[in-house]
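First residue of the sequence shown? That's 42 in the working numbering, and the numbers climb one at a time after it.
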Amino acid sequence: MNTLEALQARKSIRGYLDKPVEADKLKTILKYGNKAPNAGPIHMSVIQNANLLKEINDVATEAGLKSDNDFLKQRLAIPGYKLLYGAPVLIVLSAPDGEFSAANTACAATNMCIAATELELGTCYLAGFLLAFTAKPELLQKIGIPEGFKPRCGMIIGYEGPDQIPGMEWIEDYSNINYVD
Ligand SMILES: Cc1cc2nc3c(=O)[nH]c(=O)nc-3n(C[C@H](O)[C@H](O)[C@H](O)COP(=O)(O)O)c2cc1C
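Shown next as structure tokens:
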């Protein structure tokens, strides 16, 4: 798969097999997370412990149900819906407060989504689960987020399984592009 093929193949996977991600593949994915463009430091917490994944999922779910986010509440009402989609790996990307924190972590997560696609793994870029860290701040220490860093986004990785919610068909639309003379 070349880069353009990986970009074409990447899509959000919202259901995973109960199959671990090989350590060498994970290491490669993380390497290319660190190779992304950046304008400041980021930290990546790699979570594979099933109990911890369940705790983050459950705390975020409870917080989501109590929130005023109607979109999230609608998703959480889907029978069997899991915010982390049962993926065996969650990477939480954190960064200190700063103008470029969201961009720095997003660039790294995107690079990792593409790298994982090349390695025939599914991914999904996530933000909804971040509610877990405001609902239960002890989780920040539990996943080793450095002092002064805050979780900004996450991504899950695993082998594709039955979808919990079908993804949307990608519609090629170039109307948002303006070639400037
Ligand atoms: C900032 C951001 C936050 C996102 N949060 C979530 C999320 O919490 N849960 C989820 O299932 N998808 C999430 N997504 C994935 C988008 O829904 C998805 O990328 C978009 O619908 C396009 O679909 P595709 O990734 O299959 O091309 C997020 C994407 C971005 C960029």
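All C-beta atoms in this analysis are idealised placements derived from N, C-alpha and C, irrespective of residue type, glycine included. Here the structure is a predicted model, which means the values were calculated and not measured.
Check: Taking all protein chains shown into account, do 16 or more other C-beta atoms lie within 10 angstroms of the C-beta of M153, making it buried, or fewer, making it exposed?
Finding: It is buried - the Cβ of M153 has at least 16 other Cβ atoms within 10 Å.
Roughly how many angstroms separate the alpha carbons of I198 and N219, rounded to a whole number?
34 Å
*Would you list the residues whose beta-carbon is nearer than 5 Å to any heavy atom of ligand 1, in the order they occur in the chain?*
K52, S53, Y166, L167, A168, G169 and G208
query = Does DSSP put K60 in a helix, a strand or coil?
reply = Coil.
Original post:
Which term fits T44, buried or exposed, when burial requires 16 or more other beta carbons within 10 angstroms of its beta carbon?
Top reply: exposed
task: State yes or no: is the C-beta of V182 within less than 7 Å of the C-beta of V130?
output: The question names Val, but residue 182 in the sequence shown is Gln. No.
(message) Can you tell me which residues form a DSSP beta bridge with K191?
(response) A136
Using the C-alpha atoms, what's the distance from T146 back to F170?
-> 15 Å
Task: Beta carbon of I70 nearer than 7 Å to that of A157 - done: yes
Are there 16 or more other CB atoms within 10 angstroms of the CB of M42, so buried, or fewer, so exposed?
Classification of M42: exposed, given that the 10 Å Cβ count is below 16.
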